[in-house]
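Chemist: The structure under discussion is supplied below as structure tokens; questions concerning it will follow.
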Amino acid sequence: MSAELDTFPKLLLHHAEVRPDAPAMREKDYGIWLTNSWKEAREEIEALACGMHQRGFRRGDRLAIVGDNRPRLYWAMCAVQALGGVPVPLYQDSVAAEMAYVLDHAEVRFALVEDQEQVDKLLEVRERAKTLEQIFYDDERGLRNYTQEFLHHYDALLAEGRDFAKRHPQFFTDEIAKGSGGDVSIMCYTSGTTGNPKGVVLTFDNVLKSARNGAEFEGLTAKEDMLAYLPMAWVGDHIFSYAQSYAAGFCVSCPESGATVMHDLRELGPTYFFAPPRIFENILTTVMIRMEDASAPKRRIFRYFMEVAKRAGIKILNRQPVPLGDRLLYALGELLVYGPLKNTLGLTRVRLAYTAGEAIGPDIFDFYRSLGVNLKQLYGSTEASVFVTIQPDGEIYADTVGKPAPEVEVKIAEDGEVMFRSPGVFQEYYKNPEATAETKTPEGWVHTGDAGFFDDKGHLRIIDRAKDVGRMNDGKIFAPKYIENKLKFFPNIKEAVAFGHERDYATAFLNIDLAALGSWAERHNVAYGSYIELSQHPEVREILREHVESVNRDLAGDSHLGHTQIRRFLILHKELDADDGELTRTRKVRRRVIAEKYGELIEALYSGKAEVFASTEVTFEDGRKGKIEATLTVLDAETYPVAGGAPERAAAE
Amino acid sequence: MPDASQTAASDEQAAAEAPARRFAETLLEVQNITLRFGGVKALTDISFDIKKGEIRAIIGPNGAGKSSMLNVINGFYTPQEGTISFKGKLRKAMRPHEAAKNGIARTFQNIALFKGMSTLDNIMTGRLLKMKSNLLLQALYWGPNLREETEHRAFCERIIDFLEIQAIRKTPVGKLPYGLQKRVELARALAMEPELLLLDEPMAGMNVEEKEDMCRFILDVNEEFGTTIALIEHDMGVVMDISDRVVVLDYGRKLADGTPDEVRGNQAVIDAYLGVSH
Numbered sequence: 002m003s004a005e006l007d008t009f010p011k012l013l014l015h016h017a018e019v020r021p022d023a024p025a026m027r028e029k030d031y032g033i034w035l036t037n038s039w040k041e042a043r044e045e046i047e048a049l050a051c052g053m054h055q056r057g058f059r060r061g062d063r064l065a066i067v068g069d070n071r072p073r074l075y076w077a078m079c080a081v082q083a084l085g086g087v088p089v090p091l092y093q094d095s096v097a098a099e100m101a102y103v104l105d106h107a108e109v110r111f112a113l114v115e116d117q118e119q120v121d122k123l124l125e126v127r128e129r130a131k132t133l134e135q136i137f138y139d140d141e142r143g144l145r146n147y148t149q150e151f152l153h154h155y156d157a158l159l160a161e162g163r164d165f166a167k168r169h170p171q172f173f174t175d176e177i178a179k180g181s182g183g184d185v186s187i188m189c190y191t192s193g194t195t196g197n198p199k200g201v202v203l204t205f206d207n208v209l210k211s212a213r214n215g216a217e218f219e220g221l222t223a224k225e226d227m228l229a230y231l232p233m234a235w236v237g238d239h240i241f242s243y244a245q246s247y248a249a250g251f252c253v254s255c256p257e258s259g260a261t262v263m264h265d266l267r268e269l270g271p272t273y274f275f276a277p278p279r280i281f282e283n284i285l286t287t288v289m290i291r292m293e294d295a296s297a298p299k300r301r302i303f304r305y306f307m308e309v310a311k312r313a314g315i316k317i318l319n320r321q322p323v324p325l326g327d328r329l330l331y332a333l334g335e336l337l338v339y340g341p342l343k344n345t346l347g348l349t350r351v352r353l354a355y356t357a358g359e360a361i362g363p364d365i366f367d368f369y370r371s372l373g374v375n376l377k378q379l380y381g382s383t384e385a386s387v388f389v390t391i392q393p394d395g396e397i398y399a400d401t402v403g404k405p406a407p408e409v410e411v412k413i414a415e416d417g418e419v420m421f422r423s424p425g426v427f428q429e430y431y432k433n434p435e436a437t438a439e440t441k442t443p444e445g446w447v448h449t450g451d452a453g454f455f456d457d458k459g460h461l462r463i464i465d466r467a468k469d470v471g472r473m474n475d476g477k478i479f480a481p482k483y484i485e486n487k488l489k490f491f492p493n494i495k496e497a498v499a500f501g502h503e504r505d506y507a508t509a510f511l512n513i514d515l516a517a518l519g520s521w522a523e524r525h526n527v528a529y530g531s532y533i534e535l536s537q538h539p540e541v542r543e544i545l546r547e548h549v550e551s552v553n554r555d556l557a558g559d560s561h562l563g564h565t566q567i568r569r570f571l572i573l574h575k576e577l578d579a580d581d582g583e584l585t586r587t588r589k590v591r592r593r594v595i596a597e598k599y600g601e602l603i604e605a606l607y608s609g610k611a612e613v614f615a616s617t618e619v620t621f622e623d624g625r626k627g628k629i630e631a632t633l634t635v636l637d638a639e640t641y642p643v644a645g646g647a648p649e650r651a652a653a654e
Numbered sequence: 689m690p691d692a693s694q695t696a697a698s699d700e701q702a703a704a705e706a707p708a709r710r711f712a713e714t715l716l717e718v719q720n721i722t723l724r725f726g727g728v729k730a731l732t733d734i735s736f737d738i739k740k741g742e743i744r745a746i747i748g749p750n751g752a753g754k755s756s757m758l759n760v761i762n763g764f765y766t767p768q769e770g771t772i773s774f775k776g777k778l779r780k781a782m783r784p785h786e787a788a789k790n791g792i793a794r795t796f797q798n799i800a801l802f803k804g805m806s807t808l809d810n811i812m813t814g815r816l817l818k819m820k821s822n823l824l825l826q827a828l829y830w831g832p833n834l835r836e837e838t839e840h841r842a843f844c845e846r847i848i849d850f851l852e853i854q855a856i857r858k859t860p861v862g863k864l865p866y867g868l869q870k871r872v873e874l875a876r877a878l879a880m881e882p883e884l885l886l887l888d889e890p891m892a893g894m895n896v897e898e899k900e901d902m903c904r905f906i907l908d909v910n911e912e913f914g915t916t917i918a919l920i921e922h923d924m925g926v927v928m929d930i931s932d933r934v935v936v937l938d939y940g941r942k943l944a945d946g947t948p949d950e951v952r953g954n955q956a957v958i959d960a961y962l963g964v965s966h
């Protein structure tokens, strides 16, 4: 074993020696948390690696990994890396055709999948993914009658491996010693808003250096607890639940199933937590809905102490001076409201929570911070092995993404695009030199595609995707996402798409949030039979109109973007969905698809028509297609005079 | 790209080409059953059998006597005439608890769960018949009783995992949506480790997605546990897809009995469902 711990398998051996009995991974199965120590993890990974070797897996081969977060799938990553191979995690909810492209492109020879659902998808695309030779599966349920000779159960693989390991005790450590930091450690396929996914190639040095820098910056130790529940194919999960766990030696836990994440979170009480803004938003919505149903005294106590928290909580967390009276009230609130609430949400022990991927609503952000949860924003990308900027402790602002992370350089290009350079910068897009050259300069600077600027405090602010920032007919800047985010901060609005590029004024599509408005309807005795009916309900329209107008008022106060107030909007008859290609798997709006698919509706927004008939094809979860039809009303919203003269130049400098 | 319609088409093909399953051993046989409520004849001279390991559907228009038939099988109703033989034992009527002890479990058309109890507790009630210790010993929760309870809990957890209801393990059943309640009821029936599972309209009132889930669970139960299943269902698509043999009732009489294809082509069945001009 080389002295330097520059790969994950080497770190595995290290932890198995230094802290053999400390928990490495936990999994909830049959209602019980099962813990595996580092020693046990090492033993299983060794068996797995040996088994794979016997099945013909060689240095440089790739293993596709598909499934929910499971220790076995994480172990497979390490086993493959020990053999000098490359894990290629895929999004478990991708349809078969999406998988076929990646399997073929990455020339995957082996796949480890969770269950029958994934096996079926791979069998379906086997003709297209010609390089795929063997499939291993974890859960045998429903697979009893599958007779294909290239299908193997994980346990069988493990048994073979144990047998081999007994006969060749040195094999595993020898293989690990052959690896070094410059080797490719993983290929993450990015979902991408346009075209085919691109395989981002990252080396051990990239991933490990980033992970270590991040861990050092935040002071992560081997004592952390993390819940791994986000897709394994996403680089964030790879860094937080895999790389940093190996780097710092802490335990990662896997939930029982996707539906039980909130329960499991509560049982586990992680100290280190990551969630995209959407999840923080959902939690807050649920809390608010449940509070509405609580008895009047409870509601009053909750409201009162939330006011106290708003006043004092954030300042206390930031270690700013707070009057003694507020401090005492806050302590009482902790006893009566914040403590029990955090306990219910599983956030009691959280030392560090991150959110990233999208802008988070200031209200939502402040809510968690005022409860004493150290929620921070970070800005990152797959190409950077996640970390680009992080909010340092004590310098937390809802509208920025913080300062450059350790060893990361960030600059703003002439056109306002954010660029960065760091040890985490990816090697290349696999088999795609053109795209690599477009994204990465010879000096190692990476184009993020995001438009942003540094504010007076030296913090980075991101306003939109650079390519989405358009110009209105009068030549003024139009940043759709900026508006959409403001709209989406209302719990009643699930999704928004703004238009205005090469137009005279701005308009928008809105999606209602069924959970929030459904609860509202229940409380106000509003009857509805379907999503469409609720979305087009006259009272719902008025609620959304108020929201739009409030955004307009807000925009009017911004001299840069005041001219992009929304004049007309409509409420869509269906939820924008990744299955219909309207959103990416990470729920980002695909503008081009939407512009094509809903062209008529967009025209209606600009033609002065009062009503428009919409007929849209939808894809159900099982892949079948259907149609949703409705007549939609185009709604007008009040706009407000912009404060101060709007300067011509872009918000970015 | 193989689009969805193609996939669906190939699935259908596969289903059509799949050879009919053969079952040799008879698990349950009803012979010449007649059931009367006062002057009303609910069932008239019904005979059919259920083979071990098959999925047997009982269909028919409203009021055809399907639920009555199920109630006769699990001993809730005692027929005036006819015999039932279960696992080779002939008897005129079985009491419901005898039926349960002998391995017949059922679910109900109008869910019959303990609404105030959690999903897990409801499923645990399905294990009561298998528990050896009495009420007093159970309350002690010590030594052998603790072990016994742990074993039963482990079994219930397997069913919870199997039916993918982990997320509602501790939710009071009354708070659950209808589709999930149906699934909990199925779970409770499975907890009895039945040899014969009677499902009374397992898919009534469900949307397409819930129906598909339920279909998959029924097929999985049949395949994984080898449980024989008799089900009443109105959704013809479902019946034709998942059952091995179908018996058709109308006005308390047996109209037809055979494979889905045979039944589909039977003129009497078509008339009963579509009506005939007189």
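Top line first, the protein sequences correspond to chains A and B. For the first sequence, this note's numbering gives the first residue as 2, with consecutive numbering after it. For the second sequence, this note's numbering gives the first residue as 689, with consecutive numbering after it. Think of the CB as a built atom: it goes at the ideal place given N, C-alpha and C, for glycine as much as any other residue.
Smallest Cα separation from Gly403/A: which of Gly381/A, Asp416/A, Glu418/A?
Modeler: The residue with the shortest Cα to Cα distance from Gly403/A is Gly381/A.
Chemist: Tell whether a beta-carbon distance below 7 Å holds between Leu6/A and Leu13/A.
Modeler: Contact flag unset, no.
Chemist: Where does Gly445/A land, buried or exposed, given buried means 16+ other C-beta within 10 angstroms?
Modeler: Exposed: under 16 other Cβ atoms inside 10 Å.
Chemist: Under the DSSP definition of a beta bridge, which residues are partnered with His448/A?
Modeler: Looking at the DSSP assignment, His448/A forms a beta bridge with Met420/A.
Chemist: Any chance you could list the alpha helix (DSSP H) runs of at least 4 consecutive residues sitting entirely within the segment 22 to 96 of chain A, in chain order?
Modeler: Whole alpha helix (DSSP H) segments, 4+ residues: 39 to 55, 72 to 83.
Chemist: Give me whichever residues DSSP pairs with Lys777/B in a beta bridge.
Modeler: Per DSSP, Phe774/B.
Chemist: Leaving out five residues on either side along the sequence, give the residues of the same chain with a beta carbon under 8 Å from the beta carbon of His15/A.
Modeler: So the qualifying residues of the chain are Leu6.
Chemist: Hey, would you say Ser242/A sits closer than 7 Å to Ala234/A, going by beta carbons?
Modeler: It is not a contact, given that the beta carbons lie outside the stated cut-off.
Chemist: Listing by chain order, which chain B residues have their CB less than 8 Å from the CB of Thr617/A?
Modeler: Near Thr617/A there are no residues of chain B at all, since even the closest Cβ is about 16 Å away, more than 8 Å.
Chemist: Is DSSP giving Tyr380/A helix, strand or coil here?
Modeler: Strand.
Chemist: Measure from the C-beta of Asp849/B to each C-beta in chain C and report whether the shortest distance is under 7 Å.
Modeler: In the displayed structure, chain C is absent; the protein chains listed are A and B.
Chemist: Is Glu257/A close to chain B, meaning its C-beta is less than 7 Å from at least one C-beta of that chain?
Modeler: Closer than 7 Å to some Cβ of chain B, the Cβ of Glu257/A qualifies, so yes.
Chemist: Do you know whose CA, among Ala98/A, Phe275/A, Phe251/A, Gly476/A, lies nearest Val262/A's CA?
Modeler: Looking at the Cα atoms, Phe275/A is the closest of the given residues.
Chemist: Can you give me the C-alpha to C-alpha distance between Arg279/A and Ala516/A, rounded to a whole angstrom?
Modeler: Looking at the two C-alpha atoms, the distance is approximately 13 Å.
Chemist: Which stretch, first to last residue, makes up the beta strand (DSSP E) that contains Arg154/A?
Modeler: Here residue 154/A is His; the residue named in the question, Arg, does not match the sequence. Note, His154/A: beta strand (DSSP E), 152 to 154.
Chemist: Does Asn895/B pass the burial test, meaning 16 or more other C-beta atoms within 10 Å, or should it be called exposed?
Modeler: Exposed: under 16 other Cβ atoms inside 10 Å.
Chemist: CB Gly791/B to CB Thr916/B, shorter than 7 Å?
Modeler: No, Cβ-Cβ distance for Gly791/B and Thr916/B is not below 7 Å.
Chemist: Measure the C-alpha to C-alpha separation of Leu874/B and Asp929/B and round it to an integer number of angstroms.
Modeler: Going by the C-alpha atoms only, they are around 20 Å apart.
Chemist: Is Ile365/A near Glu282/A, with beta carbons less than 7 Å apart?
Modeler: Against a cut-off of 7 Å, the Cβ pair of Glu282/A and Ile365/A comes out as a contact.
Chemist: Name the DSSP beta bridge partners of Ala944/B, please?
Modeler: According to DSSP, Ala944/B bridges with Val936/B.
Chemist: With a threshold of 7 Å between beta carbons, is Leu515/A in contact with chain B?
Modeler: Chain B contact via Cβ: absent.
Chemist: Is it right to say Ser296/A is buried, meaning 16 or more other beta carbons lie within 10 angstroms of its own, or is it exposed?
Modeler: Exposed: under 16 other Cβ atoms inside 10 Å.
Chemist: Going by beta carbon distance, what residues of the same chain come within less than 8 Å of Cys903/B, once the five residues before and after it are set aside?
Modeler: Closer than 8 Å at the Cβ level, and outside the excluded window around Cys903/B, lie Met891, Val926, Asp929, Ile930.
Chemist: For Arg110/A, name the three-state secondary structure that DSSP assigns.
Modeler: Note: Arg110/A maps to coil in three-state DSSP.
Chemist: Which one of Tyr190/A, Leu633/A, Met473/A, Thr8/A has the shortest CA to CA distance from Asp184/A?
Modeler: Checking every option, the nearest Cα to that of Asp184/A belongs to Thr8/A.
Chemist: Between Thr261/A and chain B, is there a C-beta pair that is closer than 7 Å?
Modeler: Yes, contact with chain B.
Chemist: Examine chain A for any beta-carbon lying closer than 7 Å to the beta-carbon of Gln719/B, and answer yes or no.
Modeler: No - not a single Cβ of chain A is within 7 Å of the one on Gln719/B.
Chemist: Would a check of beta-carbon distances place Gly32/A closer than 7 Å to chain B?
Modeler: It does; some Cβ of chain B falls within 7 Å.
Chemist: Less than 6 Å separating the Cβ of Gln797/B from some heavy atom of the ligand FAD?
Modeler: Looking at this structure, you won't find the ligand FAD or any other ligand, since it has none at all.
Chemist: Residues in the segment 559 to 591 of chain A with C-beta within 9 Å of chain B's C-beta atoms, listed in sequence order?
Modeler: Taking 9 Å as the Cβ-Cβ cut-off against chain B, none of the residues of the segment 559 to 591 of chain A qualify.
Chemist: For the beta strand (DSSP E) that Phe614/A lies in, which residues bound it at each end?
Modeler: Unbroken beta strand (DSSP E) run through Phe614/A: 612 to 620.
Chemist: Whose Cβ in chain B lies nearer than 7 Å to the Cβ of Gly143/A?
Modeler: Here the neighbours are Asp908.
Chemist: Under the rule that 16 or more other beta-carbon atoms within 10 Å means buried, what is Lys637/B, buried or exposed?
Modeler: Past the boundaries of the shown model lies residue 637/B; chain B is included only from 689 to 966, so the question cannot be answered.
Chemist: In angstroms, rounded to a whole number, what distance separates the CA positions of Ala1/A and Arg350/A?
Modeler: Here chain A has residues from 2 to 654 only, and residue 1/A is not among them.
Chemist: Which of the three DSSP states, helix, strand or coil, is assigned to Phe711/B?
Modeler: Reduced to three states, the DSSP call for Phe711/B is coil.
Chemist: When the Cα of Arg56/A is compared with those of Asp105/A, Phe454/A, Leu84/A, which residue comes out closest?
Modeler: Nearest option by C-alpha distance: Leu84/A.
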